[in-house]
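With our numbering applied, the sequence shown closes on residue 414, and no number is skipped along the way.
Report on the following structure.
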Amino acid sequence: MATPNSHDPSFWAAVEIIKKSRETKLCMASSSSDPCTGPIIAAHTIPRSQLQHLAEDGHVFTLFGNLQTFAKTQGKLELARKGIRTFSTLNCFCSHHDVSVFSPIENAPLTFTPQQIACLHYRAIAAEMYRKMTALAGLEKTLSDLPKSKKMKRTTRQDFAQRVLCGTKLGLIDVGRTFQRCEDALFCGRFDDVSGLMIKFRQPPTLMSVGGFSPAFDYRGRRLQDLSDETASCDQVSISVLSSFGKAAVIFAWVKGANAPKLFAESFLRQQSSHYTTLIIQTLFEHLENTCMNITWWDGLRSIERKLLTERMQAAIEPERRPSAAYTYCGVTFDDWGYEDHEYINA
Numbered sequence: 068m069a070t071p072n073s074h075d076p077s078f079w080a081a082v083e084i085i086k087k088s089r090e091t092k093l094c095m096a097s098s099s100s101d102p103c104t105g106p107i108i109a110a111h112t113i114p115r116s117q118l119q120h121l122a123e124d125g126h127v128f129t130l131f132g133n134l135q136t137f138a139k140t141q142g143k144l145e146l147a148r149k150g151i152r153t154f155s156t157l158n159c160f161c162s163h164h165d166v167s168v169f170s171p172i173e174n175a176p177l178t179f180t181p182q183q184i185a186c187l188h189y190r191a192i193a194a195e196m197y198r199k200m201t202a203l204a205g206l207e208k209t210l211s212d213l214p215k216s217k218k219m220k221r222t223t224r225q226d227f228a229q230r231v232l233c234g235t236k237l238g239l240i241d242v243g244r245t246f247q248r249c250e251d252a253l254f255c256g257r258f259d260d261v262s263g264l265m266i267k268f269r270q271p272p273t274l275m276s277v278g279g280f281s282p283a284f285d286y287r288g289r290r291l292q293d294l295s296d297e298t299a300s301c302d303q304v305s306i307s308v309l310s311s312f313g314k315a316a317v318i319f320a321w322v323k324g325a326n327a328p329k330l331f332a333e334s335f336l337r338q339q340s341s342h343y344t345t346l347i348i349q350t351l352f353e354h355l356e357n358t359c360m361n362i363t364w365w366d367g368l369r370s371i372e373r374k375l376l377t378e379r380m381q382a383a384i385e386p387e388r389r390p391s392a393a394y395t396y397c398g399v400t401f402d403d404w405g406y407e408d409h410e411y412i413n414a
């Protein structure tokens, strides 16, 4: 990744554009039959009640990076200490829908009923769609403004931004299809239209995350779908790593009938159960920026372990370079929450 030039005026213009795009306020549930009421709020994608199980003094660790910080760190991600009041929030739901839509997972114990699985998947996909929509708006504005500078020549950074723009457009089309099916399942009460794999552990989680992505390979390194094929539709899987009755629980979810996510989940179960926790951690750092860690756990890792995980998330900035072995066990066990049981839901 090319390091941004903080002395270039166009760089700071791009920073401001992208910052404003990420502050865009809209309700992703506005198309439901229940109208929006109240303001758009900074809604948690990982419930605050969940983050409390992971936090120390109300804080968690996360890896963070944007154009502004990359200019200071030569393109490297930074470790940040975040308060759970603001971590994992997006301006993507009105106050009414944030309560009414997610009440089944906010105000009841997580037992992973079909309705709760549908809620978790919808929230993850809605957040992913919001991120792609705002990222696309920011990238398009940035690239349209760059040619206005007569002194500006085409740079590696511009080429990189153009590739990201094309990938974001393709991803938005795919996630839009999935989002519509998630909406139909949740708002029409067809919870069986969302499938899932729930994996229970004996120990509490040391990380938490909620997010969605299109898996290109499975946990054995076999290709599932070609994300660069503009003519193909790619399916999304969501992963929620949360706490249920004080123990770690991982949920893979996908719209029923989507083949690639199902094969992705099935290949996970074919791995050694003693590697399950590490494979989940690898996947989170590979794909989901909405990932946070317990502070003591992160500090207790060896420096080489922290380096490996940071490099994994760093490499995810350019996903077209992701190797087929990205999901296979890397040879280093980062943690083991102790596999207990698993169950398929509507699969």
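Where is the CB? At the ideal position from N, CA and C, for every residue including glycine.
The structure displayed is predicted, hence computed values, not measured ones.
Beta-bridge pairing of residue i - partner residues as DSSP gives them
i	result
T358	S276
M265	I318 and E410
R290	F284
H126	E123 and G150
C161	I107
T156	H111
S311	K314
V304	F280
F131	E145
Contact belief for residue i with residue j at Cβ below 8 Å, rounded distance in angstroms
i	j	result
F128	W365	5 Å
P460	S162	Any property of residue 460 remains undetermined from this structure, which presents the chain solely from 68 to 414.
V277	N357	6 Å
C103	H164	6 Å
M95	Y197	6 Å
T345	D402	7 Å
L144	L130	5 Å
S391	F312	Not a contact, Cβ separation roughly 37 Å.
L375	C397	7 Å
6 Å CB neighbourhood of residue i in its chain, flanking five on each side removed
i	result
F258	P181, Q182 and A185
M265	F179, I318 and E410
D408	K267
A252	A185, D260 and V261
H120	S310
T395	G288
H354	F280
E195	V242 and G279
A191	V277, G278, G279 and S305
Residue i, buried or exposed, once every other Cβ within 10 Å from all chains shown has been counted against 16
i	result
I240	exposed
K199	buried
L146	exposed
A393	buried
Q349	buried
V399	exposed
P328	buried
I84	In this prediction, I84 has a pLDDT of 45, which is less than 50 and means its spatial position is unreliable; what the coordinates show is noted afterwards. It counts as buried.
F160	buried
A325	buried
G243	exposed
A193	buried
A432	Lying before the first or after the last residue shown, residue 432 is absent from the chain, which here runs from 68 to 414.
A414	exposed
I415	Limits of the chain in this structure are 68 at one end and 414 at the other, which puts residue 415 out of reach.
Close beta carbons around residue i, own chain, < 7 Å, minus the five adjacent residues each side
i	result
D293	A299
G150	G125 and H126
L422	A question about residue 422 goes unanswered here, because the residues of the chain that appear run from 68 up to 414.
F110	Here the sequence assigns Ala to residue 110, which means Phe is not the residue at that position. Excluding residues within five positions, the ones whose Cβ falls inside 7 Å are T156, L157, C159, F160 and D165.
D101	S167
M275	I113, Q117, L118, L121, V308, L309 and C359
Neighbourhood of residue i by C-beta, 8 Å cutoff - its chain only, sequence neighbours within 5 removed
i	result
S25	Since the first residue shown for the chain is 68 and the last is 414, residue 25 is missing from the structure and cannot be characterised.
L203	L232, T235, K236 and L239
S340	Y406
Report the start-end ranges of each beta strand (DSSP E) in the segment 90-122 that is 3 residues or longer and not cut off at the edges.
107-111
Ignoring anything shorter than 3 residues, give me the beta strand (DSSP E) runs that lie fully in the segment 168-192, in order along the chain.
none
Which residue spans inside the segment 326-377 form an unbroken alpha helix (DSSP H) run of at least 4?
326-336, 343-354 and 362-367
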